[in-house]
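Q: In our numbering, the protein residues as written are 880 to 1645.
Note that beta-carbon positions come from the ideal geometry of N, C-alpha and C, so glycine has one too.
All figures in this text were calculated on a predicted structure; none of them were measured in a lab.
This is the structure I have questions about; it appears just below.
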């Protein structure tokens, strides 16, 4: 509360705090000077008093001496001159008052010889003694008498003052003496009193000075302790994210500790804040300071525990929790004094905890097991709907805090329950198996938590129980099977021998097949040479005969025969070429030379190659291929595919029919469709089409000639491109053959090592 104290003390406190070190140093000096001055003053006063005492005593002695001398002279003049000591004493008694012999004063009278003959006072022991013998230092007195005044003398070893008056011209004198001890008795008392008072005063001042310095030391130590405590409090408040509040409701002023400024990122100050300054920092949606001040001033509330947001210097809002109490101070009115704590992190953790609790509840709720959590007092903390469902509990029975005994009393009783011992689990854990009323089985696992609570998890093991029953049944069947296997083992051993025999036969058959394949390859190679040579001659000579190069044949029947010879030779050569091509494909000796090429010219070229056959049957051939469409394929193979499919379409389409060729880009591939209005293909025959030498009609009843290899070659070449060939057909409606060639396809495995050398041709049969 340093700032508050300084605010109340004002500038005087500041000035006092500034000159305090000087005052501490000057106080001992001032006290010493004061004591010295007092000592000097009293000493001077006492010395003056002593001088005055001496002067008074001398004057008094002189007066007594003069009075005694006058009395003796008066008596002598009257005729009664004293002669003896007693007469002198009578004269002195009449002449001198009693006070003349007070304070150690006495009067001695001597005769002309100097012998003391009379005395007045307490010293009569000197009567009879010679005054000059007992009195020392009296020369001036005996010489001059009263004119010598009062002198200091020594009598009987003691100091006296004395005054003498001569009686006549002889040595007779009247001496008045006073002991200096008695003379200064009162003065010494005054000196003792003054010394005592001075010593007492000095002692008191020294004690006060010691007390002052002790108090100053304690005050300094207290200040240091206070400062250290204040630093520790400030450090603790800063580290604890706390700040002190002192709200003067009457004046509308609020004091903040330095830690409060630090929490909000503002520069710390000891100034008192106004109500408006604090109000501007508070989030308007959280708290109304005006309403709070009015209620506190009306003493409607005694304590405040409020959570609100305050604006940080960086701009963001920090969550604060303020706890204050109403305090009535005598002269300063009503104050709200308390502490503010930065709970931003706690608020964030609370929000995250709430989200985590919601997620936990959602996770527990979504699990397929029943779940219940009990505290150390066996009261319900939380559970899911599976727990409620399995135990037949109403919704109002599973409120948090409900004792477990109450819930157990409301639970649906199980049909059966048994505890399953498990030595591997901890002694706090236990496992039960329960069969509930609807026939399901539950395995309930319970274990203790570190806080003394209990977690109960129930798993539906109905299927496990069914599996166990099936397993037991399977075990029974297994035992029976084992018995059967012992019988079958002997049979298997017998079959193993048979398999070895069959394997030997298989190896032998494989060798024969490989030999047959080599023979086929040799046969095809030989046929390629032996059959093509005469066929080429037949075809060539028949063409010469048809053209009449060497003159007319003479009869039209010869021309008909020559045409039959030419067509038969051409057909037979095509069959041989198809067989050789199929053989190369099956042997994997076809290598494709792919390149990007225009599709429309390729289709036009193949249409020209079948145009004669189509024209003979009055079949309309149409194409719908884009001029810019390109295909990535082997040009010769693509022609072979399209020619074979077009040839089949022309061959199986009746006169006056129609064939349509279309091409389009579909899913990264080019699809070529050839649609005809021919006889169609039965669904049962579609599965066989595409195999070598397969046709729809059998070899005895077929109406169309052909080797049956055209479609198989087209399918094989399509697959070599990584594509596919599909056929859709309906009898008496027509057929659609779709070929799909990828735009960019990797070369299939087993691609041939040699390129096809023969030009594409129309397949005579499909």
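1) I need the DSSP call for residue 1454, collapsed to helix, strand or coil.
2) Measure from the alpha carbon of residue 1511 to the alpha carbon of each residue in 1602, 1530 and 1236, then state which is nearest.
3) Does the structure place the region 1210-1226 close enough to the region 1111-1129 that three or more beta carbon pairs sit under 8 Å?
4) Nearest by alpha-carbon distance to residue 1481: which of 1522, 1324 and 929 is it?
5) Could you have a look at residue 1471 and say whether DSSP puts it in helix, strand or coil?
6) Measuring only between beta-carbons, confirm whether residue 923 sits less than 8 Å from chain C.
7) Roughly how many angstroms separate the alpha carbons of residue 1274 and residue 1132, rounded to a whole number?
8) Closest to residue 1053 by C-alpha separation, out of 1041, 1425, 1061 and 904, would be which residue?
9) Put residue 1600 into one of helix, strand or coil per three-state DSSP.
10) Is DSSP giving residue 1506 helix, strand or coil here?
11) If we ignore side chains and look at the alpha-carbon of each, how far apart do residue 851 and residue 1609 end up?
12) Can the beta-carbon of residue 1555 be found less than 8 Å from the beta-carbon of residue 1538?
13) DSSP three-state call for residue 1169: helix, strand or coil?
14) Where does residue 1087 land, buried or exposed, given buried means 16+ other C-beta within 10 angstroms?
15) Hey, quick one: how far does the beta strand (DSSP E) through residue 1085 stretch, first residue to last?
16) Return the CA-CA distance between residue 1063 and residue 932, expressed in angstroms with no decimal places.
17) From residue 1262 to residue 1282, what does the alpha carbon distance come to, in whole angstroms?
18) Classify residue 1248 as helix, strand or coil using the three-state DSSP reduction.
19) If you run the structure through DSSP and keep just helix, strand and coil, what is residue 1208?
20) Residue 1335 and residue 1255 - do their beta-carbons sit closer together than 8 Å?
21) Report the rounded CA-to-CA distance for residue 1100 versus residue 1234, giving the unit in angstroms.
22) Using CA atoms only, rank isn't needed, just tell me which of 910, 1516 and 1363 is closest to residue 1092.
23) With DSSP as the reference, please indicate the residues paired to residue 1614 in a beta bridge.
24) In terms of residue numbering, what span does the beta strand (DSSP E) encompassing residue 1041 cover?
25) Which of the three DSSP states, helix, strand or coil, is assigned to residue 1138?
26) When the Cα atoms are used, what is the spatial distance from residue 1531 to residue 1469?
27) On the CB-based measure, 16 or more other CB atoms within 10 Å of its CB, does residue 1145 come out buried or exposed?
28) Per DSSP, residue 1621 forms a beta bridge with which residues?
29) Since residue 1188 and residue 1200 should fall inside the 8 Å C-beta cutoff, what is the C-beta to C-beta distance between them, to a whole number of angstroms?
30) Using the C-alpha atoms, what's the distance from residue 1458 back to residue 1579?
31) Between 1438, 1137, 1185 and 1387, which lies nearest to residue 1425 when the distance is taken from Cα to Cα?
32) Hey, how far is the Cα of residue 1078 from the Cα of residue 979?
33) Please list, in chain order, all residues of the same chain as residue 1502 whose beta carbon is under 7 Å from its beta carbon, the five residues on each side excluded.
34) In terms of DSSP beta bridges, what is residue 1339 paired with?
35) Taking the alpha-carbon positions, what's the residue 923 to residue 917 distance?
36) On a CA-only basis, which of 1489, 981, 1190 and 990 is nearest residue 1164? Give me that one, please.
A: Inspection of the coordinates gives the following:
1) helix
2) 1602
3) Yes, since at least three Cβ pairs between the region 1111-1129 and the region 1210-1226 fall closer than 8 Å, the two stretches touch.
4) Of 1522, 1324 and 929, the smallest CA-CA separation from residue 1481 is found for 1522.
5) coil
6) No chain C appears in the structure shown, which is made up of a single protein chain.
7) So the alpha carbons of these two residues sit roughly 54 Å apart.
8) 1041
9) coil
10) The three-state secondary structure of residue 1506, taken from DSSP, is coil.
11) The displayed coordinates of the chain run from 880 to 1645. Any statement about residue 851 would go beyond what the structure contains.
12) Yes; because the gap between Cβ atoms is below 8 Å, this pair is in contact.
13) helix
14) exposed
15) Secondary structure note for residue 1085: it is in no beta strand (DSSP E), and the uninterrupted alpha helix (DSSP H) holding it is 1064-1118.
16) 8 Å
17) 13 Å
18) coil
19) strand
20) It is not a contact, given that the beta carbons lie outside the stated cut-off.
21) 53 Å
22) Nearest in C-alpha terms to residue 1092, of all of 910, 1516 and 1363, is 910.
23) Residue pairing from DSSP places residue 1614 in a beta bridge opposite 1555 and 1608.
24) 1037-1045
25) Looking at residue 1138 - three-state DSSP - the assignment turns out to be helix.
26) Going by the C-alpha atoms only, they are around 29 Å apart.
27) exposed
28) 1548
29) The pair is not a contact, with the Cβ atoms about 11 Å apart (cut-off 8 Å).
30) Residue confidence is low: residue 1579 scores 32 on pLDDT, short of 50, so the model does not pin down where it sits. Its coordinate-derived value is still stated next. Distance between the alpha carbons of residue 1579 and residue 1458 is about 21 Å.
31) 1438
32) If you take the alpha carbons of residue 1078 and residue 979, they lie about 36 Å apart.
33) Closer than 7 Å at the Cβ level, and outside the excluded window around residue 1502, lie 1482, 1486 and 1540.
34) 1321
35) 10 Å
36) The option with the nearest alpha carbon to residue 1164 is 1190.
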